[in-house]
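Trainee:
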Amino acid sequence: MEALVRDLLAANPTVSEEQIRQFLQQRFREYDTSFRSPLTETTESGWEGRSGSLPVAARCHCGRCKIQFQVARGEKPIRCHCPSCRHFHSSSFAAYLSVESPDWRAAGLQVHPDSCKVLGQVKRFMCGHCYTKLGTEAIDSGRSYCCLGSVDDESIPDSLALEWQSSFEDWHQTSAVRWWHAQPSALCGVSRRTGLVKGACACGSCSFEALLLPGELQHCYCKLCRRLSGSVAQTWVPASLERFTWRSSEPSTLALLRTTGHGQRHFCRSCGSCLTIVYDSQPDCIWPAAGTLEDTQVVDQAMWYRVIHICCSMMQRWYKLPDDQLPRLKYAG
């Protein structure tokens with residue numbers, strides 16, 4: 002981008018740098034690399050200006066499941082980095098908000114028994130049709146948490162969204178993944194390397210081995226990725242379909258479901274983990290979710306030549322993009 006700006010400035014001396022940048026951002030549907038959130042200010046105050054609890058609505062992608070939560074005054078988002086939460090949500094971390102215990106059974110949700118390094122034994126709730134992640138209940142404490150990725154954007158006032166951008170809890174940070182903060186390699190003259198990786202769903206019923214292609218990493222904030230993961234985003238890495246194999250999966254457990262007019266995703270029917278994307282326009286390629294990769298594997302930094310944030314125009318307002326200077330596409334890239 003910077004080289005292109007310099008070339009255009011040299012070729013068009015009467016045009017300002019700001020005008021060129023505005024043209025390029027519109028042309029390529031891209032935000033400036035300094036962009037972190039569509040919400041930058043509000044005249045309202047956060048929790049201080051509210052009394053009582055906050056009603057928050059969540060819904061699944063297919064529309065079969067809708068649930069209303071009550072959030073007690075003073076609560077703030079939680080990001081859990083533990084391996085169990087990461088695999089269930091197929092994301093870099095789980096995004097929770099403590100809520101007053103709803104009637105989970107009345108919502109008609111599918112339940113997956115699991116564990117969390119912080120909460121202990123848990124019940125995880127999702128739509129049994131589209132596998133949108135909606136909530137988690139800690140068995141020992143009885144506390145309930147909604148999955149923020151499935152919360153309707155309009156449910157959260159701008160005042161709280163702005164406050165939550167900088168006020169949140171991090172759980173089990175020692176398990177945080179490195180690829181969430183990956184940067185494209187600056188090494189010149191070094192051949193791009195592929196990587197053989199293994200991944201699995203939360204319950205282990207579906208596992209795979211893939212040869213990652215060198216080397217793209219896409220952090221996607223679209224509504225579909227947010228709802229299916231229940232988190233802020235899902236991260237995708239391209240792999241060769243020819244070198245992608247399912248190591249274990251029963252036909253009754255592994256499901257390939259059409260989720261858009263241009264692509265399908267693999268899910269584990271048992272635990273609901275979203276494992277891959279298969280695009281109609283890319284018959285030789287499959288995109289595993291980085292959140293399903295085995296925790297002991299370190300993805301080589303030299304692999305990446307393109308790391309981007311995509312669908313940033315759809316990101317939730319309570320989240321702020323990291324200050325990493327990576328490209329930020331408004332839509333898919």
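Position 112 of the sequence shown, counted from 1, bears residue number 113 in the working numbering, the numbering being contiguous throughout.
A virtual CB, placed ideally from N, CA and C, is assigned to each residue, including glycine.
Starting from the C-beta of residue 271, find all residues in its chain whose C-beta is less than 6 Å away, skip the five residues before and the five after it, and write them out in chain order.
Mentor: Working through the sequence shown from its first residue, we reach residue 271 at position 270. Around residue 271: 204, 206, 254.
Trainee: Could you give the uninterrupted runs of the beta strand (DSSP E) lying entirely in the region 92-135, keeping only those of 3 residues or more?
Mentor: Those beta strand (DSSP E) runs which fall completely within the region 92-135 and span 3+ residues are 95-100, 111-117, 121-127.
Trainee: Reducing DSSP to helix, strand and coil, say where residue 208 ends up.
Mentor: In the sequence shown, counting from the first residue as 1, residue 208 sits at position 207. Residue state, collapsed to three classes: strand.
Trainee: Which residues mark the beginning and the end of the beta strand (DSSP E) in which residue 61 is found?
Mentor: In the sequence shown, residue 61 corresponds to position 60, counting from 1. No beta strand (DSSP E) contains residue 61, which DSSP labels as neither H nor E.
Trainee: Is residue 121 buried or exposed, if buried means 16 or more other CB atoms sit within 10 Å of its CB?
Mentor: Within the sequence shown, residue 121 is the residue found at index 120, counting from 1. Looking at its Cβ environment, which holds fewer than 16 other Cβ atoms inside 10 Å, residue 121 is exposed.
Trainee: By how many angstroms is the C-alpha of residue 267 removed from the C-alpha of residue 149?
Mentor: As a first step, residue 149 must be located in the sequence shown, where it is residue number 148. As a first step, residue 267 must be located in the sequence shown, where it is residue number 266. Using only the alpha carbons, I get a separation of about 22 Å.
Trainee: List in chain order: all unbroken beta strand (DSSP E) runs of 3+ residues lying wholly within the region 214-281.
Mentor: Whole beta strand (DSSP E) segments, 3+ residues: 216-221, 235-237, 246-249, 255-261, 264-269, 275-280.
Trainee: Run through the DSSP bridge pairs and tell me what residue 199 is partnered with.
Mentor: Counting from one through the sequence shown, the residue named residue 199 turns up at place 198. Note: residue 199 sits in a beta bridge opposite 210.
Trainee: Taking only three categories from DSSP, how would you classify residue 293?
Mentor: Within the sequence shown, numbered from 1, the residue matching residue 293 stands at position 292. It is helical.
Trainee: What residues are listed by DSSP as bridge partners for residue 145?
Mentor: The sequence position of residue 145 within the sequence shown is 144, counting from 1. BP columns for residue 145 point to 100, 138.
Trainee: Assuming residue 305 is part of the beta strand (DSSP E), what are its boundary residues?
Mentor: Within the sequence shown, the letter at position 304 stands for residue 305. Here the beta strand (DSSP E) through residue 305 covers 305-311.
Trainee: Could you tell me whether the Cβ atoms of residue 274 and residue 89 are closer together than 9 Å?
Mentor: For the purposes of this step, residue 274 is taken as residue 273 along the sequence shown, with counting starting at 1. For the purposes of this step, residue 89 is taken as residue 88 along the sequence shown, with counting starting at 1. A contact, by the Cβ cut-off of 9 Å.
Trainee: Using 8 Å as the Cβ pair cut-off and three pairs as the minimum, do the region 76-83 and the region 125-135 touch?
Mentor: At 8 Å Cβ cutoff, the stretches do not touch.
Trainee: Can you tell me the Cα-Cα spacing of residue 321 and residue 35, whole angstroms?
Mentor: As a first step, residue 321 must be located in the sequence shown, where it is residue number 320. As a first step, residue 35 must be located in the sequence shown, where it is residue number 34. Each residue's alpha carbon lies about 11 Å from the other.
Trainee: Closest to residue 269 by C-alpha separation, out of 177, 173, 111, 20, would be which residue?
Mentor: Start at 1 with the first residue of the sequence shown, and residue 269 comes out as number 268. The shortest C-alpha separation from residue 269 is found at 111.
Trainee: Would you give the residue range spanned by the beta strand (DSSP E) that residue 165 belongs to?
Mentor: Within the sequence shown, the letter at position 164 stands for residue 165. From DSSP, residue 165 is part of no beta strand (DSSP E) but of the alpha helix (DSSP H) over 159-167.
Trainee: Count the other CB atoms within 10 Å of the CB of residue 371; is the residue buried (16 or more) or exposed (fewer)?
Mentor: The structure shown has nothing for residue 371, since the chain only spans 2 to 334.
Trainee: Measuring CA to CA, which of 77, 11, 259 is closest to residue 99?
Mentor: Translated into the one-based positions of the sequence shown, residue 99 becomes position 98. Answer by Cα proximity: 77.
Trainee: Report yes if the CB atom of residue 105 is closer than 9 Å to the CB atom of residue 136, and no otherwise.
Mentor: As a working note, residue 105 is residue 104 in the sequence shown. As a working note, residue 136 is residue 135 in the sequence shown. Yes, they are a contact pair.
Trainee: Between 319, 331, 18, which lies nearest to residue 169 when the distance is taken from Cα to Cα?
Mentor: The sequence position of residue 169 within the sequence shown is 168, counting from 1. Considering only alpha carbons, the answer is 319.
Trainee: Give a yes or no on whether the C-beta atoms belonging to residue 291 and residue 238 are separated by under 9 Å.
Mentor: Start at 1 with the first residue of the sequence shown, and residue 291 comes out as number 290. Start at 1 with the first residue of the sequence shown, and residue 238 comes out as number 237. Their beta carbons are under 9 Å apart, which means residue 291 touches residue 238 by this criterion.
Trainee: Where does the unbroken alpha helix (DSSP H) through residue 86 begin, and where does it stop?
Mentor: For the purposes of this step, residue 86 is identified with residue 85 of the sequence shown, where counting begins at 1. Where residue 86 is concerned, the enclosing alpha helix (DSSP H) stretches over 84-90.
Trainee: Spatial neighbours of residue 230 within its chain, please: C-beta separation below 7 Å, excluding the five flanking residues on both sides.
Mentor: Counting from one through the sequence shown, the residue named residue 230 turns up at place 229. For residue 230, where only same-chain residues beyond five positions count, the Cβ hits under 7 Å are 90, 91, 92, 134, 150, 275.
Trainee: In chain order, what residues of the same chain have a beta carbon less than 7 Å from the beta carbon of residue 331, not counting five sequence neighbours either side?
Mentor: Position 330 of the sequence shown, counted from the first residue, corresponds to residue 331. Same-chain partners within the cutoff: 30, 31, 32, 313, 314.
Trainee: Sorted by chain position, which residues of the same chain lie with C-beta nearer than 7 Å to residue 108's C-beta, five sequence neighbours on each side aside?
Mentor: Stepping through the sequence shown from its first residue, residue 108 is reached at position 107. Counting only Cβ-Cβ distances below 7 Å, and skipping sequence neighbours, we find 66, 68.
Trainee: Output yes or no for whether 9 Å exceeds the beta carbon distance between residue 172 and residue 118.
Mentor: Within the sequence shown, numbered from 1, the residue matching residue 172 stands at position 171. Within the sequence shown, numbered from 1, the residue matching residue 118 stands at position 117. Yes, they are a contact pair.
Trainee: Taking the CB atoms as reference points, tell me whether residue 101 and residue 73 lie closer together than 9 Å.
Mentor: The residue you call residue 101 lines up with position 100 of the sequence shown. The residue you call residue 73 lines up with position 72 of the sequence shown. Cβ distance < 9 Å, so residue 101 and residue 73 count as in contact.
Trainee: Ignore the nearest five residues each way along the sequence and tell me which others in residue 221's own chain have a CB closer than 7 Å to its CB.
Mentor: In the sequence shown, counting from the first residue as 1, residue 221 sits at position 220. Closer than 7 Å at Cβ, skipping near neighbours: 234, 235, 237, 311, 312.
Trainee: What three-state label does DSSP hand residue 24 in the structure shown?
Mentor: If you number the sequence shown from 1, residue 24 lands on position 23. It is helical.
Trainee: Would you kindly work out how many angstroms separate the C-alpha atoms of residue 75 and residue 153, rounded to a whole number?
Mentor: Residue numbering aside, residue 75 sits at position 74 when the sequence shown is read from its first letter. Residue numbering aside, residue 153 sits at position 152 when the sequence shown is read from its first letter. The alpha-carbon atoms of residue 75 and residue 153 are separated by roughly 20 Å.
Trainee: Smallest Cα separation from residue 289: which of 113, 22, 242?
Mentor: Taking the sequence shown and counting its residues from 1, the one referred to as residue 289 is at position 288. For residue 289, the nearest C-alpha among the options comes from 242.
Trainee: So for residue 31, helix, strand or coil by DSSP?
Mentor: Residue numbering aside, residue 31 sits at position 30 when the sequence shown is read from its first letter. Strand at residue 31.
Trainee: Using a C-beta cutoff of 9 Å, does residue 239 count as contacting chain D?
Mentor: Going by chain labels, chain D is absent from the structure shown, which holds only one protein chain.
Trainee: Classify residue 18 as helix, strand or coil using the three-state DSSP reduction.
Mentor: Taking the sequence shown and counting its residues from 1, the one referred to as residue 18 is at position 17. Correct three-state label for residue 18: helix.
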